[in-house]
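Peer 1: As they're listed, the protein sequences go chains A and B.
Going letter by letter, the first sequence gives residues 94 to 441 in this note's numbering.
Going letter by letter, the second sequence gives residues 94 to 441 in this note's numbering.
2 protein chains.
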Amino acid sequence: MIEDKNQERISLSDLGEFGLIDHLTKNFVMKQKSTIKGVGDDAAVLEFKNKKIVVSTDLLIEGVHFDLSYMPLKHLGYKAVVVNVSDIFAMNATATQITVSIAVSNRFPLEALEALYAGIETAASIYNVDVIGGDTTSSTKGLLISITAIGTIEDNSEVYRNGAKPNDLLVVTGDLGGAYMGLQILEREKEVFKVNPNSQPDLEPYTYIIERQLKPEARQDIIKLLKDLDVKPSSMIDISDGLSSEIIHLCKQSQVGCDLYEEKIPLDPAVISTCEEFNIDSTTVALNGGEDYELLFTVSQEDYLKIKANPNFTIIGFIKEKEAGVHLVTRADSRIPITAQGWKNFNA
Amino acid sequence: MIEDKNQERISLSDLGEFGLIDHLTKNFVMKQKSTIKGVGDDAAVLEFKNKKIVVSTDLLIEGVHFDLSYMPLKHLGYKAVVVNVSDIFAMNATATQITVSIAVSNRFPLEALEALYAGIETAASIYNVDVIGGDTTSSTKGLLISITAIGTIEDNSEVYRNGAKPNDLLVVTGDLGGAYMGLQILEREKEVFKVNPNSQPDLEPYTYIIERQLKPEARQDIIKLLKDLDVKPSSMIDISDGLSSEIIHLCKQSQVGCDLYEEKIPLDPAVISTCEEFNIDSTTVALNGGEDYELLFTVSQEDYLKIKANPNFTIIGFIKEKEAGVHLVTRADSRIPITAQGWKNFNA
Numbered sequence: 094m095i096e097d098k099n100q101e102r103i104s105l106s107d108l109g110e111f112g113l114i115d116h117l118t119k120n121f122v123m124k125q126k127s128t129i130k131g132v133g134d135d136a137a138v139l140e141f142k143n144k145k146i147v148v149s150t151d152l153l154i155e156g157v158h159f160d161l162s163y164m165p166l167k168h169l170g171y172k173a174v175v176v177n178v179s180d181i182f183a184m185n186a187t188a189t190q191i192t193v194s195i196a197v198s199n200r201f202p203l204e205a206l207e208a209l210y211a212g213i214e215t216a217a218s219i220y221n222v223d224v225i226g227g228d229t230t231s232s233t234k235g236l237l238i239s240i241t242a243i244g245t246i247e248d249n250s251e252v253y254r255n256g257a258k259p260n261d262l263l264v265v266t267g268d269l270g271g272a273y274m275g276l277q278i279l280e281r282e283k284e285v286f287k288v289n290p291n292s293q294p295d296l297e298p299y300t301y302i303i304e305r306q307l308k309p310e311a312r313q314d315i316i317k318l319l320k321d322l323d324v325k326p327s328s329m330i331d332i333s334d335g336l337s338s339e340i341i342h343l344c345k346q347s348q349v350g351c352d353l354y355e356e357k358i359p360l361d362p363a364v365i366s367t368c369e370e371f372n373i374d375s376t377t378v379a380l381n382g383g384e385d386y387e388l389l390f391t392v393s394q395e396d397y398l399k400i401k402a403n404p405n406f407t408i409i410g411f412i413k414e415k416e417a418g419v420h421l422v423t424r425a426d427s428r429i430p431i432t433a434q435g436w437k438n439f440n441a
Numbered sequence: 094m095i096e097d098k099n100q101e102r103i104s105l106s107d108l109g110e111f112g113l114i115d116h117l118t119k120n121f122v123m124k125q126k127s128t129i130k131g132v133g134d135d136a137a138v139l140e141f142k143n144k145k146i147v148v149s150t151d152l153l154i155e156g157v158h159f160d161l162s163y164m165p166l167k168h169l170g171y172k173a174v175v176v177n178v179s180d181i182f183a184m185n186a187t188a189t190q191i192t193v194s195i196a197v198s199n200r201f202p203l204e205a206l207e208a209l210y211a212g213i214e215t216a217a218s219i220y221n222v223d224v225i226g227g228d229t230t231s232s233t234k235g236l237l238i239s240i241t242a243i244g245t246i247e248d249n250s251e252v253y254r255n256g257a258k259p260n261d262l263l264v265v266t267g268d269l270g271g272a273y274m275g276l277q278i279l280e281r282e283k284e285v286f287k288v289n290p291n292s293q294p295d296l297e298p299y300t301y302i303i304e305r306q307l308k309p310e311a312r313q314d315i316i317k318l319l320k321d322l323d324v325k326p327s328s329m330i331d332i333s334d335g336l337s338s339e340i341i342h343l344c345k346q347s348q349v350g351c352d353l354y355e356e357k358i359p360l361d362p363a364v365i366s367t368c369e370e371f372n373i374d375s376t377t378v379a380l381n382g383g384e385d386y387e388l389l390f391t392v393s394q395e396d397y398l399k400i401k402a403n404p405n406f407t408i409i410g411f412i413k414e415k416e417a418g419v420h421l422v423t424r425a426d427s428r429i430p431i432t433a434q435g436w437k438n439f440n441a
């Protein structure tokens, strides 16, 4: 993004608010036909013809949602976009535009924000969303990112959290717990680094789980796959806070119960081995870890044949009447009530 | 908003993220036909048929944009909505929905957030916008509000910043400088209070300007009035950062110059008298004060008769060729180049 060799000498206060947003977004290209006007006016102008639109918004705060001591800014920008478009996909919709607002303290040089926006630009390009606006301002402490994502949806294809029915199958994409275990590795290495800044950790065995934490992907591919398979889920949610908390959301809003089978929960071998290394139960990690950005959905049993052999999907449970409650059926065949223990950062 | 008498004992950590957003938004009513689904899923769903939409977003940060020592939380909630819908009106559009995200430290009790949301609800009701979503999270320091506003626009009625033409008239609504002088009064009283907490200031003479600061209004009425008068401005912007900075935006984006006449700048008598009291030049205050949320626009001379006698409008300048530059024509008839000295909080 750097065109002018002298730019490294420009401070945020030299640029000011308007100069900064112009500078950071000047290379962003609008690709969506629905974007009539992007950054640069009081508001962006969009045109979706007869399509419905979906809107979602998320805040990411330094010290709460991310730690810059091991999260490179480019990755952070990328992840901030992923987190938001994931919510759009969880509606069975197509992401089209985002707005990006940042608040930043003067301790950040311009290069840091350029790195952040390079990550945003990369993700916007990969997920095919236009960055149509935003706000930049100073903060009294740390970095904060607020993103609003907009998407479009075909008629009658929206999928809410409240449509699960008894006898539906509970399905999850990908595997779970990786992002959380990646975070454990990063936290451990941070502590090691504090004691011995010259240590050269071998992170190679943890590549997959560290990438799940630092550079997660949203399951845009699944929305296309579901369409190709002619499967419309009865309910859907993305896994940002942990499987248990998302199952409780689906069941509460759909007014149903659920049996989740411990033995079916998909885990990557790297998650299992790292859990053993840390002496943590891998089911607990999958249930409460969060940040995997996989999709959790329910389908009617009629769709069983369409999804059963697909490696992207794992059937992990069975929807029941509300009165049956929400339970984990363990490998030992005991039934344990599931409670939300997902990310609850007001306790932090 | 309080239904349960025991609620005052509930802390933010008891409620958790999901409980909090449910609690704060449970009484919000969706009134817009375009709102298909509001708070409570991964994303809101909206349907605008064939209309174009406009999207704008703003961040408000404690210690940068507001000071809770004199800004009541209900007023802050109200103002946060106003600031955002003002950007929608500046496109000549109708505001329809907002998302509201807040980050808050544990020092805020639930009652404080209820007061904030009561202000948001009041403004949403007055400006007829639905609160369709948001995010609540903890912050490591202070309070932060991020709002995204959505609106609709009739075909061909969008007004950008870049349409001003030489010979157009420059028009402003209402009067300027009030919000800034209100802030000066509040800052002064804060200092007095520090020295003598028992002082009983007589703020009655400053009612208008304090209200301009604490409870500004966005000019929704002007959008309707312009339509009734059959006037489509050639360019428009809202005055959030100060007249000089907004004029420079319009001129830069329209590639024109401008003469602004000092004697024409509309000032309320309370602004003039408070400027005298503080020994500040009232023109400087109008040029650089900001936060008045009036609309600044240009019209072709053909529209002169439609607007000249309307008490809502003041013609304050004249658009010129780009080469003529952007100048203030003083009462003494000298020409001073206008530079942006609006709110530039990276210097703070």
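Glycine included, C-beta positions come from ideal geometry on N, C-alpha and C.
As the structure is a computational prediction, the values presented were derived from the model and not from experiment.
1. Which complete alpha helix (DSSP H) runs does the stretch 383-419 of chain A hold, if anything under 4 residues is left out?
2. For chain B, find out if any of its Cβ atoms is closer than 8 Å to the Cβ of Glu96(A); answer yes or no.
3. What residues from chain B crowd round Glu140(A), counting only those whose CB sits closer than 7 Å?
4. Using a Cβ-Cβ cutoff of less than 8 Å, which residues in the same chain neighbour Arg254(B) once the five nearest sequence positions on both sides are dropped?
5. Taking 7 Å as the limit between beta carbons, can you name the residues of its chain near Phe371(A), skipping five residues before and five after?
6. Verify the CB distance criterion: does Lys130(A) have a CB-CB separation below 8 Å to chain B?
7. Could you give the DSSP three-state label for Gly244(A): helix, strand or coil?
8. Does the Cβ-Cβ distance between Leu269(A) and Ile181(A) come in under 8 Å?
9. Thinking just about the alpha-carbon of each residue, which of Lys258(A), Asp134(A), Ile302(A) is nearest to the one in Thr391(A)?
10. Please classify Lys401(B) as buried or exposed, where buried requires at least 16 neighbouring CB atoms within 10 angstroms.
11. Pick out whichever of Glu304(B), Val378(B), Glu387(B) has its Cα sitting closest to the Cα of Phe406(B).
12. Rounded to whole angstroms, what's the CA-CA distance from Leu152(B) to Ser231(B)? Just pull it up for me.
13. Using a beta-carbon distance cut-off of less than 8 Å, what residues from the stretch 146-176 of chain B approach chain A?
14. What does the alpha-carbon distance come out to for the pair Asp97(A) and Ser338(B)?
15. When DSSP labels each residue in this structure, what does Asp321(A) get in the three-state scheme?
16. From this set, Val422(A), Pro326(A), Lys413(A), Glu369(A), which residue's C-alpha is nearest Glu395(A)'s C-alpha?
17. Buried or exposed for Asp385(B), going by 16 or more other Cβ atoms inside 10 Å?
18. Give the straight-line distance between the Cα atoms of Ser442(A) and Arg312(A), rounded to the nearest whole angstrom.
19. Taking CB distances under 8 Å as the criterion, tell me whether Ala183(A) reaches chain B.
20. Flag this pair as yes or no: are the beta carbons of Leu262(A) and Leu117(A) separated by less than 8 Å?
21. Give the interface partners of Gly226(A) over in chain B, defined as CB-CB distance under 8 Å, in chain order.
22. Less than 8 Å between the C-beta atoms of Asn307(B) and His168(B), yes or no?
23. Could you check how far apart the C-beta atoms of Pro309(B) and Ala363(B) are, in whole angstroms? I think they sit under 8 Å.
24. Confirm the yes/no value for this check: CB of Ser198(B), any heavy atom of the ligand PLP, distance under 7 Å.
25. Assign Gln125(B) to buried or exposed, taking buried as 16 or more other Cβ atoms, counted over all protein chains shown, within 10 Å of its Cβ.
26. Would Arg305(A) be called buried (16 or more neighbouring beta carbons within 10 Å of its own) or exposed?
27. Can you check whether the C-beta of Leu206(A) is within less than 8 Å of a C-beta belonging to chain B?
28. Cβ closer than 8 Å: which chain A residues qualify as neighbours of Ile243(B)?
29. For Thr192(B), go through chain A and note every residue whose CB falls closer than 7 Å to its CB, in chain order.
30. If I follow the unbroken alpha helix (DSSP H) through Tyr210(B), where does it start and stop?
31. Measuring straight from C-alpha to C-alpha, what distance separates Asn260(A) and Ser393(A)?
32. Taking Cβ positions only, does Ile431(A) come closer than 8 Å to chain B?
33. Between Lys258(B) and chain A, is there a C-beta pair that is closer than 8 Å?
34. Can you list the beta strand (DSSP E) stretches of 3 or more residues lying completely in the stretch 308-367 of chain B, in chain order?
35. Whole angstroms are fine: how far does the CA of Ala196(A) sit from the CA of Ile238(B)?
36. Kindly indicate which residue of Ile316(A), Ile146(A), Ile303(A) has the alpha-carbon position closest to the one of Gln190(A).
Peer 2: In short:
1. Runs found: 397-400.
2. Because Glu96(A) sits at a pLDDT of 43, beneath the cut-off of 50, its placement in the model cannot be relied upon, and the following sentence gives the value as read from the coordinates. No, Glu96(A) does not count as interfacial toward chain B.
3. Ordered by position in chain B, the residues that pass the 7 Å Cβ test against Glu140(A) are Lys145.
4. Excluding sequence neighbours, Arg254(B) sits near Ser328, Met329, Ile330, His342, Leu343, Gln346, Ser347.
5. The beta carbon of Phe371(A) sits closer than 7 Å to those of Gln277, all from its chain and outside the five residues before and after it, given in chain order.
6. Yes, because at least one Cβ of chain B sits closer than 8 Å to the Cβ of Lys130(A).
7. Here Gly244(A) sits in strand by DSSP.
8. No; because the gap between Cβ atoms is not below 8 Å, this pair is not in contact.
9. Put simply, of Lys258(A), Asp134(A), Ile302(A) the residue whose alpha carbon is nearest the alpha carbon of Thr391(A) is Lys258(A).
10. With fewer than 16 other Cβ atoms within 10 Å, it is exposed.
11. The candidate whose alpha carbon is nearest that of Phe406(B) is Glu387(B).
12. In this structure, the alpha-carbon of Leu152(B) lies about 16 Å from that of Ser231(B).
13. Here the close residues are Ile146, Val147, Val148, Ser149, Thr150, Asp151, Leu152, Ile154, Glu155, Gly156, Val157, His158.
14. The pLDDT assigned to Asp97(A) is 44, lower than 50, so where the model puts this residue is not dependable, and the model offers no usable value.
15. DSSP places Asp321(A) in helix when its eight states are reduced to three.
16. Nearest of Val422(A), Pro326(A), Lys413(A), Glu369(A) to Glu395(A), Cα basis: Pro326(A).
17. Burial state of Asp385(B) is buried, judged by a 10 Å Cβ sphere holding 16 or more other Cβ atoms.
18. Chain A is shown only over 94 to 441; residue 442(A) falls outside these bounds and no answer can be derived.
19. Closer than 8 Å to some Cβ of chain B, the Cβ of Ala183(A) qualifies, so yes.
20. Result no, Cβ atoms of Leu262(A) and Leu117(A) do not sit closer than 8 Å.
21. Neighbours of Gly226(A) on chain B, chain order: Val148, Ser149, Thr150.
22. According to the sequence shown, residue 307(B) is Leu rather than Asn. A contact, by the Cβ cut-off of 8 Å.
23. About 15 Å; that fails the 8 Å criterion.
24. Among the components modelled here there is no ligand, and therefore nothing to report on the ligand PLP.
25. Classification for Gln125(B): buried.
26. By the Cβ neighbour-count rule, Arg305(A) is buried, with 16 or more other Cβ atoms within 10 Å of its own.
27. Residue contact check for Leu206(A) against chain B: no CB pair falls below 8 Å.
28. What Ile243(B) touches in chain A: Val148.
29. Near Thr192(B) (Cβ distances below 7 Å), the residues of chain A are Val148, Thr150, Thr241.
30. Note, Tyr210(B): alpha helix (DSSP H), 203-219.
31. Straight through space, the alpha carbons of Ser393(A) and Asn260(A) are spaced by roughly 7 Å.
32. Ile431(A) does not count as touching chain B.
33. Taking Cβ atoms only, chain A never reaches closer than 8 Å to Lys258(B), which makes this a no.
34. For the stretch 308-367 of chain B, whole beta strand (DSSP E) runs of length 3 or above, ordered along the chain, are 328-331, 349-354.
35. One C-alpha to the other measures close to 11 Å.
36. Cα-wise, what sits closest to Gln190(A) is Ile146(A).
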